[in-house]
Every structure is written in C-alpha cells, then in structure tokens.
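The structure appears below as structure tokens.
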Amino acid sequence: MWALPAPAQENALLLCAGCHGMNGEGRAAGGYPPIAGQPQAYLERQLAAYADGRREDRVMAPLAKRLAPEERAQLASHFASQQVPSMKEASSRSDRGRILATLGDNELRVQACQNCHGPGGSARPPYTPYLAGLDREYLRGELLAFRSGARRTDPSGQMNFIAQHLTEQDIAALAAHYGTPFEGE
Numbered sequence: 006m007w008a009l010p011a012p013a014q015e016n017a018l019l020l021c022a023g024c025h026g027m028n029g030e031g032r033a034a035g036g037y038p039p040i041a042g043q044p045q046a047y048l049e050r051q052l053a054a055y056a057d058g059r060r061e062d063r064v065m066a067p068l069a070k071r072l073a074p075e076e077r078a079q080l081a082s083h084f085a086s087q088q089v090p091s092m093k094e095a096s097s098r099s100d101r102g103r104i105l106a107t108l109g110d111n112e113l114r115v116q117a118c119q120n121c122h123g124p125g126g127s128a129r130p131p132y133t134p135y136l137a138g139l140d141r142e143y144l145r146g147e148l149l150a151f152r153s154g155a156r157r158t159d160p161s162g163q164m165n166f167i168a169q170h171l172t173e174q175d176i177a178a179l180a181a182h183y184g185t186p187f188e189g190e
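If you want my numbering, it's the 1-based position in the sequence shown plus 5.
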C-alpha cells in the first residue's frame, strides 16, 4: 500500500495520528473528527484543499502543506481502508433536522442531505463523506464555514449554496440530527 520508505511513512502517519488516531478514530473532545472509512478521494481532496488554502484550519493547513501529493494520497488510502468507527444512525432528535436531511426544503431551495450523503448520512463514495456520528459541534462549524465561504471544497458549489440558504436554527438542527449527542442526552 505505501510506496514511501518506512521512515517517511511513519512520519506522515504520525502527523495525522496525534489528533485523528493511528486508525483514524478521531477525538471528539479535541474537535478532531473520525476519518477512518471516509472515501479515499474525499480525504485526498480535503488534504489538497488544506494545502492550497481552499479549506482553512490553523492546525491542518500547515501540516497538509508539509506533505507531498504522494504522501497525501497514501495517507488518504490508509485512513479510507480503516474500519469505520462504530457510529450511531442519524437520529430524530430534531424534527427539522430529519426533514432537511431526508426531504430538504423547497422554499429554501435546499435539497435533502441524503441525496448526496446517503441514507442516514452513511456516505456516497468516492467523494461524499459520511456525516452520521460525527461530533455535533464539528458538523455545525463545517456548515458555518461553507456558509461563510471559508470552506470551498465542494467542486459543484452545492454545499456553499445550501449552507447559505440555511438559518442558524437549521444548521443546529442538522448538526443535532447527524451528530453525536451531548452528555446525558
């Protein structure tokens, strides 16, 4: 799988493992999402976006810039091949979130999330990630980044368009629908 010499492989993998874990399981408490089992093409595109500035993050951008394209491709392949963490199904904690996820909102000109992200937020490889079970605050932050234009990683522009049409309440409802529950929920 790895074409890089062993020390380079280890160094590249350790860059990611500090936050996302060696197997990509993530650390929600630190705001680091699981990346295990995400589609390879999606992961590779995100690393390239961090490296070239289309996706901003004070931690990820400098790390991605240090990686050669071959390293980014191999890391994407490694994490895509890992077992998806045990995740809950998208829930109905939020009726509005469930409606947006499964039906969309014609008035807002917003299509259903499942059209691209799959039933229950399960992913649609090769380019569309899973949402189910990601940290609620992470999901909220990413939707806000799409809305503001700080994140420009969807080649079709659909995510930016959709997020711009969602209210703060809609974003919170979607994050509650797909995201992990808070302690005690």
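From the three backbone atoms N, C-alpha and C, an ideal C-beta is built for every residue, glycine too.
Computed from a predicted structure; not experimentally measured.
Would the beta-carbon of residue i fall within 8 Å of that of residue j?
i      : j      : result
Ala69  : Gln43  : no
Glu61  : Ala155 : yes
Ala33  : Gln88  : no
Pro39  : Pro74  : no
Leu105 : Asp159 : no
Pro131 : Gln45  : yes
Run through DSSP, which three-state label would residue i get?
i      : result
Tyr55  : helix
Arg103 : helix
Asp175 : helix
Arg32  : strand
Tyr143 : helix
Arg77  : helix
Arg71  : helix
Arg3   : As displayed, the chain neither begins before 6 nor continues past 190, which places residue 3 out of reach and without an answer.
Which residues in the same chain as residue i place their Cβ atom closer than 6 Å to its Cβ, once the five residues preceding and following it in sequence are excluded?
i      : result
Asn165 : Phe151
Leu136 : His122, Gly126, Tyr183
Gly189 : Any answer about Gly189 is weak, because its pLDDT of 47 lies below 50 and its placement is not dependable; what the coordinates show is given next. Closer than 6 Å at the Cβ level, and outside the excluded window around Gly189, lies no residue.
Val115 : Gly109, Ile167, His170
Glu173 : none
Ala178 : Ser99, Arg101, Gly102
Apart from the five residues just before and just after residue i, which ones in its own chain have a Cβ nearer than 7 Å to its Cβ?
i      : result
Glu49  : Arg77, Ala78, Ala81
Asn111 : none
Arg145 : Ile176, Ala177, Ala180
Compute the beta-carbon to beta-carbon distance between residue i and residue j, rounded to the nearest angstrom, for a pair I have assumed lies under 8 Å.
i      : j      : result
Thr133 : Tyr47  : 7 Å
Gly36  : Asp100 : Contact doesn't hold; Cβ gap of about 27 Å is too wide.
Leu18  : Met27  : 7 Å
Exercise. Let me know the alpha helix (DSSP H) ranges lying completely inside the stretch 121-167, each 4 residues or longer, listed in chain order.
Key: 141-153
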